[in-house]
Amino acid sequence: MNNTTQPIVLYGVPFSQPVRAVMWLMLYKRTPFEMVLINPGSKGETGSRNPAYLSKNPGGTIPTIEERDTGFVLGEAHAIMCYLSNKYAWNDVYPADHRLRAKVDWYLHYHHRNIRDASIGLVAPKIRKDLDIPEATQQAARATLTKALHALEAGWLAESRYLTGAQLTLADFAAYVEIGQLQPGYTNVYDFEPFPKVQRWLDNMKQVDGHDDVHVVLAELGDISVEPPAMETIKNANKNALRTLKEKLAELTP
Ligand SMILES: N[C@@H](CCC(=O)N[C@@H](CS)C(=O)NCC(=O)O)C(=O)O
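Using my numbering, you'd call the opening residue of the sequence shown number 8 and step up by one each time.
See below:
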C-alpha cells in the first residue's frame, strides 16, 4: 500500500488555505506530487462543482488527493495530512506517541469553525465575491477568529514554540495557512498587536522549509486591506504561484 510509484495527485489551487497546508507538508517532506488545477466554486470543466470532480469529492471542496496507481481518493486537508503522515511514517510532524498525537488531533478538530473563520471573515469576502458572504456572517467570523487567537495566545502558544509543544506538527501547518495569510506583507487585514506570542510563532513558522514556496500566491496578491484585488491580480498570483511550484517540484523529482 505504501509502494505507490507514481506521484500523488493534489487537486486544488494555491489560493486555497487547506490546499496550501497539504502543499506545504509535502514540500517540507520533499515528496513530489502532481498539482492538478481545480477552481473552487466553478461548474466548469476544471471546477470543484463539476460532476467529474464531484465524483471524486462529493462535497465539492479542495483539496482532494488521488493515488493514480491504487485509485485511492481522499478529501479534507486534515484527513489528507494525517493519511500522508501515516503512509510515510512522518512521526516528527504526527507523533507516534498516542498522547502527543491526540494533542495534534485536538488542534486539527478545533481549527474548523474557529481559526478557519479567518478566511470566511477576512479573506474570502474580498477574493470570492461569488460566495456573497453576508456582512453579519463576516462579523461573526471575525469575532470567532479573535476569540480563537486569544485561546492560542493564552493556551496553545503560552509556553511552547509550536502549537502542541517544542516540535513542529501538522497543527502548525494547518493553523498558519489561515493566520499567516492575514499578516502585513500578505493581505494585511488583521492587527496582531494584542497577540505577541502568536506573532512570535508566525515568525518561527516563516523559517520552516517550504514556507516561501507555498506563499508566493499571497506575496503576489499583496495588501488587500483597502481595495479588494482585481480579478486579473488574483489570476496572475495563482499563475505565478503554480509556475514556482512546478519549478520546485521539478527539483524534487529524481
Ligand atoms: N474542511 C475543508 C475545507 C475545504 C474548503 O472549504 N475549500 C474551499 C476552498 S478554500 C472550497 O473548496 N470551496 C468550494 C466552493 O467554494 O465551492 C478542508 O479542510 O479540506
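The beta carbon of each residue, even a glycine, is placed where N, CA and C say it ideally should be.
Worksheet item: Rounded to a whole number of angstroms, what is the C-alpha to C-alpha distance between A125 and A148?
Response: 7 Å
Worksheet item: Sorry if obvious, but does the Cβ on P65 come closer than 8 Å to a heavy atom of ligand 1?
Response: no
Fill in: Simplified DSSP assignment, three categories, for E52
coil
Worksheet item: Where do the ends of the alpha helix (DSSP H) carrying L152 lie?
Response: Taken as a continuous stretch (DSSP letters only), the alpha helix (DSSP H) holding L152 covers E142 to A158.
Worksheet item: Does the Cβ of S167 lie closer than 8 Å to at least one heavy atom of ligand 1?
Response: no
Discussion item. Check for me: the beta strand (DSSP E) holding F40 runs from which residue to which?
Written reply: F40 to L44
Worksheet item: Does the beta-carbon distance from G82 to K94 come in below 9 Å?
Response: With respect to K94, G82 sits apart: the two C-beta atoms are not nearer than 9 Å.
Worksheet entry | Start-to-end residues for the alpha helix (DSSP H) that takes in L61 | P58 to L61
Worksheet item: Should H85 be listed as close to ligand 1, given that the test is whether its C-beta is under 8 Å from any heavy atom?
Response: yes
Worksheet item: For S55 versus I69, is the C-beta spacing smaller than 9 Å?
Response: yes
Worksheet item: Is the beta carbon of S55 within less than 8 Å of some heavy atom of ligand 1?
Response: yes
Worksheet item: Where do the N-terminal and C-terminal ends of the beta strand (DSSP E) with L17 fall, by residue?
Response: I15 to G19
Fill in: Beta-carbon spacing of D6, Y193 below 9 Å
Given that the chain is displayed from residue 8 to residue 261, the structure contains no residue 6 and the question cannot be resolved.
Discussion item. Under 8 Å: do the region 135-142 and the region 168-178 share three or more Cβ pairs, one atom per stretch?
Written reply: no
Worksheet item: Can you round the beta-carbon distance between L252 and P21 to whole angstroms, since I take them to be within the 8 Å contact cut?
Response: 7 Å
Worksheet item: Taking the runs of the beta strand (DSSP E) that are 3 residues or longer, which of them lie wholly in the region 161-222?
Response: none
Item to complete: Whole angstroms is fine: what's the gap from N243's alpha carbon to K50's?
Response: 21 Å
Worksheet item: Just to confirm, are P47 and V184 a CB contact at a threshold of 9 Å?
Response: no
Fill in: Reference M238; option with closest CA among R135, H157 and D220
R135
Discussion item. For F199 and N121, what's the separation of their Cα atoms in angstroms?
Written reply: Those two C-alpha atoms are separated by around 16 Å.
Practice prompt. For the beta strand (DSSP E) holding T240, just list the boundary residues, first then last.
Written response: Premise fails: T240 lies in the alpha helix (DSSP H), M238 to L259, not in any beta strand (DSSP E).
Practice prompt. Rounded to whole angstroms, what's the CA-CA distance from Y60 to T53? Just pull it up for me.
Written response: 8 Å
Worksheet item: K43: buried (16+ other C-beta within 10 angstroms of its C-beta) or exposed?
Response: Strictly speaking, residue 43 in this sequence is Val, with Lys absent from that position. Classification for V43: exposed.
Practice prompt. Go through the region 78-124 residue by residue and report every complete run of the beta strand (DSSP E) that reaches 3 residues or more, in order.
Written response: Every unbroken stretch of the beta strand (DSSP E) spanning 3 or more residues and falling wholly within the region 78-124 is given here in chain order: 80-82.
Fill in: Of the residues A161, L249 and T144, the one placed nearest R27, counting alpha carbons only
L249
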